[in-house]
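Everything on this sheet refers to the single structure shown next.
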Amino acid sequence: MLKKILSIGLLSLTLMSSIASVDARGAWCWSCNNGELNYSHTVTVNVTTSEQRCQHGFPYGTDKVYTTHYVDVYICDNCGNSTTRSYSNVTSIECHGYN
Ligand SMILES: [Zn+2]
Ligand SMILES: [Zn+2]
253 MLKKILSIGL LSLTLMSSIA SVDARGAWCW SCNNGELNYS HTVTVNVTTS
303 EQRCQHGFPY GTDKVYTTHY VDVYICDNCG NSTTRSYSNV TSIECHGYN
């Protein structure tokens with residue numbers, strides 16, 4: 253189950269991040285066409301790291317950026333069909349800049 257959510261989340265990450273501000277609550281279920289998709293819970297998928305040029309004024313070194321990826325799970329109140337919405341947030345930045 254978790255594995256399934258994971259693959260869906262990763263596949264749709266790029267697509268979904270552009271419409272992450274859209275709230276899926278109250279969306280009509282396209283599976284049974286007779287129910288509403290309600291927010292159920294959030295799964296933390298993983299944390300990825302990337303590097304960017306130091307943003308703290310140091311001429312050398314990089315900042316390590318930690319991005320946490322989440323999947324919100326929505327479940328139809330009629331048929332139980334579930335759908336997910338993926339998004340990610342930068343959760344911390346570790347400075348490795350130096351003079
Ligand atoms: Zn449904
Ligand atoms: Zn820095």
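Sequence positions in the sequence shown follow the working numbering and run 253 to 351.
All C-beta atoms, glycine included, are put in the ideal place defined by N, C-alpha and C.
Smallest Cα separation from residue i: which of the options?
{"i": "V295", "options": "S344, Y326, Y350, T343", "result": "Y326"}
{"i": "W282", "options": "V299, T335, T343", "result": "T335"}
{"i": "V299", "options": "N351, Q307, I345", "result": "I345"}
{"i": "G349", "options": "F310, T319, N330", "result": "F310"}
What is the DSSP secondary structure of residue i, reduced to helix, strand or coil?
{"i": "N333", "result": "coil"}
{"i": "H321", "result": "strand"}
{"i": "S273", "result": "The predicted model places S273 with a pLDDT of 40, which falls under 50 and marks its position as unreliable; any figure quoted below should be read in that light. Note: S273 maps to coil in three-state DSSP."}
{"i": "C281", "result": "coil"}
{"i": "N351", "result": "coil"}
Can you name the start and end residues of the beta strand (DSSP E) that residue i belongs to?
{"i": "S302", "result": "288-305"}
Rounded to whole angstroms, what's the CA-CA distance from residue i to residue j? Just pull it up for me.
{"i": "G332", "j": "N341", "result": "28 angstroms"}
{"i": "R337", "j": "W280", "result": "14 angstroms"}
{"i": "H321", "j": "D315", "result": "19 angstroms"}
{"i": "N286", "j": "D324", "result": "21 angstroms"}
{"i": "G313", "j": "N351", "result": "8 angstroms"}
{"i": "C284", "j": "Y291", "result": "17 angstroms"}
State yes or no: is the C-beta of residue i within less than 7 angstroms of the C-beta of residue j?
{"i": "V195", "j": "Q307", "result": "The structure shown has nothing for residue 195, since the chain only spans 253 to 351."}
{"i": "L289", "j": "C347", "result": "no"}
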